[in-house]
Amino acid sequence: MNRLQVELPGLTLKNPIMPASGCFGFGKEYAQLYDLSKLGAIMVKATTLEPRFGNPTPRVAETPAGMLNAIGLQNPGLEKVVSEELPWLEQYDVPIIANVAGSETEDYVAVAERISKAPNVHALELNISCPNVKCGGITFGTDPEIAGELTRAVKAVSSVPVYVKLSPNVTDVTEIARAVEAGGADGLTLINTLVGMRFDPRTGRPVIANGTGGLSGPAVKPVALRMVYEVTRSVSIPVIGMGGVSDVDDVINFMSAGASAVAVGTANFVDHFACPNLIDALPGRLDELGIGNITELIGRSHRL
Amino acid sequence: MIRNERMKVTGQREIARNIYELVLEGELADEVREPGRFVHLRAGETVDPLLRRPISIADCGDGRITLIYRAEGHGTRLISEKERHGTADVLGPLGNGFPVEAAVPGTKALLVGGGIGVPPLYGLSKRLKEAGVEPVHVLGFQSEDVVFYEEEFSRLGETHIATVDGSHGTKGFVTDVMASLSHEFSVYYSCGPLPMLKAVADGMSGTEGYLSFEERMGCGIGACFACVCRTDSNDRGYVKVCSDGPVFKAGVVTI
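Just so you know, the protein sequences line up as chains A and B, in that order.
Per our numbering, the very first residue in the first sequence carries number 1; after that it's consecutive.
Per our numbering, the very first residue in the second sequence carries number 1001; after that it's consecutive.
Take a look at the structure:
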């Protein structure tokens, strides 16, 4: 029995660690560094119907214990992702979670229908929380009614379970969580980045060309933990937690707060071996904590 | 192969005002091969600063790499505090460097550098010389106090210095020096700020050239799409500075 194994809708994870969407491309770059089959899953970069170039540069700026980014969903478009990127990933024994983005409901539906039929795509992650694009993205993720309707529309066409990625840039994240659960979501992923800014003191201009960017990294971790804790208390569908995860105790804490698995984002840029290192460190840490199976951790903070 | 290694610090010295030369020893040095590639260096040991710093490799050999960088922000200041006998967390070598083989042996190659863009040209010049090419250097700086490696470059070939304030060498820009040269060059190579690269490429149009670009980076390996530049040379319409570059043939990147 693999003590790190976690079962989620559509996903049998050999361990609960996966790179977060947007931080790992479509896997090719990190495949130069280690065997991607080691990962629990891979959340690949957001895919839109048409190719997107993204925002002007600078697209990233460092902040204390974090970073801002405004990439702007740059991707090669559905056709290329389905014909090139996903087939390339088939050489690895790892389930793919395809991140789906768009400007209109019709875009999400079209991408979801097609990409969910790819043999290695085991789940979708509906991106209704990207703060860096003018249309779509976060506009779908801040209104419970719209978020619920979009979830329903995508569920109707998807061949695999649908997870919805939630934005932290809302007054009450549980309201959105309940709305997408009612819309038929099979699971939730949270948090996306927090909208932030940084300025150049010499010029007064924002450092990021887009003006605002999404804050990620250790700086957002307390917010992410709080939201995972609140959301898992108010819905009954599973949650994949993320936001500043960088060491093994972060994994323990996110799962204790209620997450069934954990995604690693910005840490991949700091320690390029962050995911395999976390996977290797987990059994030893479980031993130290007297935990037999990792699933025992899920939501234990709620049971105290 | 890309390695992530704790390299030994074997040298750290200030070679001009706020300009430091850092020498690191480790297995990674054997992987470098071509000049103009870079490493991604962790500045500190904590989460602040969080991201790595991309620094070009100025020279390599005997199991060591030499990095020359300007200490101007929080991260690079921390790097400048790394002491001999300590270690540095290094990922690399990354990116694609200057093609030495583009220069024809027996001919002259023009190397144009500006400020902190000068360092990778040093390793390039050494490799060119080994290949039987005659390097001619035109190096631009703000002022005399930030000029570095003049002697080192002079040992390899003809070297011209320009300073913006005229405190050393020719007063003005690298292009002012270039205008005064009457040599025939089979190829040119350049690294420096964007306006300089543009001026150099314009001045050398008709000659084969290679430019090294700088852009804010996230991952350094091509996954995060932070450092993209527009191009007309492929059907994607973009190149990534970190993994497709940082060196591109002149004309590839739209500037």
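Beta carbons are placed, not taken as given, at the ideal position from N, Cα and C, and that holds for glycine.
These numbers were taken from a predicted model, which means no experiment stands behind them.
Every alpha helix (DSSP H) stretch that sits fully inside the region 1159-1186 of chain B and reaches 4 residues is listed by chain position as 1174-1180. At a Cβ-Cβ threshold of 9 Å, V1032(B) and V1009(B) do not count as neighbours.
Closest by C-alpha distance to L1111(B), out of E1215(B), V1239(B) and M1196(B), is M1196(B). Look at the beta carbons and you see the region 206-214 of chain A touching the region 50-65 of chain A: at least three pairs across the two are nearer than 8 Å. By a beta-carbon distance limit of 8 Å, G217(A) contacts M67(A). Their separation comes to about 5 Å.
Assignment of A219(A) by DSSP, reduced to helix, strand and coil, places it in the helix class. The beta carbon of E1021(B) does not come within 9 Å of any beta carbon belonging to chain A, so the residue lies off that interface. For M18(A), the enclosing beta strand (DSSP E) starts and ends at I17 to P19. Residue pairing by DSSP places Q1012(B) opposite L1022(B) in a beta bridge.
When rounded, the separation of the alpha-carbon atoms in M18(A) and Y1189(B) is 42 Å. Between V162(A) and A185(A) a beta carbon distance of about 6 Å is seen, short of the 8 Å cut, so the two are scored as contacting. Secondary structure at G1063(B): coil, using DSSP grouped into helix, strand and coil. Close to chain A, meaning a Cβ-Cβ distance shorter than 8 Å, are the following residues of the region 1035-1054 of chain B: R1042, V1047, D1048, P1049, L1050, L1051 and R1052.
Cβ-Cβ separation between F1098(B) and E1034(B): approximately 7 Å, consistent with a contact (criterion under 8 Å). Straight through space, the alpha carbons of E149(A) and V1253(B) are spaced by roughly 43 Å. Taking the CA atoms as reference points, G265(A) sits about 15 Å from V223(A). Within chain B, the residues placing a beta-carbon under 7 Å from that of Y30(A) are A1223, ordered along the chain. Taking a C-beta distance under 9 Å as the contact criterion, F1213(B) and G25(A) do not qualify as a contact pair.
In this structure, the alpha-carbon of V231(A) lies about 25 Å from that of L278(A). Put simply, of D250(A), A209(A), I208(A) and V207(A) the residue whose alpha carbon is nearest the alpha carbon of V228(A) is D250(A). With distances taken between CA atoms, G1086(B) lies nearest to L1078(B) out of G1073(B), G1092(B) and L1078(B). Chain order gives no chain A residues near S1080(B), where near means a beta carbon separation below 7 Å; the closest approach is about 18 Å. Short of 6 Å from the beta carbon of N192(A), and not among the five residues preceding or following it, lie these beta carbons of its own chain, in chain order: S129, K165 and S167. Interface flag for S256(A) against chain B is unset, since no Cβ pair is found closer than 9 Å. Per DSSP, reduced to three states, the secondary structure at C23(A) is coil, with no helix or strand assignment.
Flagged as an interface residue toward chain B: T266(A), by a C-beta distance shorter than 9 Å. At a Cβ-Cβ threshold of 9 Å, A1109(B) and F1185(B) count as neighbours.
The continuous beta strand (DSSP E) containing P1093(B) extends over residues T1087 to L1094. Taking 9 Å as the cut-off, the beta carbon of T1175(B) is found no closer than this to the beta carbon of I1161(B).
In this model, N1234(B) and H272(A) are separated by some 28 Å (Cα to Cα). Residue pairing by DSSP places P1135(B) opposite A1109(B) in a beta bridge. With respect to chain A, the C-beta atom of L1128(B) has no partner C-beta closer than 9 Å. Listed in chain order, the beta strand (DSSP E) runs fully inside the region 91-148 of chain A are 96-100 and 121-127, counting runs of at least 3 residues. Per DSSP, N55(A) lies in no beta strand (DSSP E) segment and is marked neither H nor E. In the three-state reduction of the DSSP assignment, L73(A) falls in the coil class, being assigned neither a helical nor a strand state. Secondary structure of C1227(B) (DSSP, three-state): coil.
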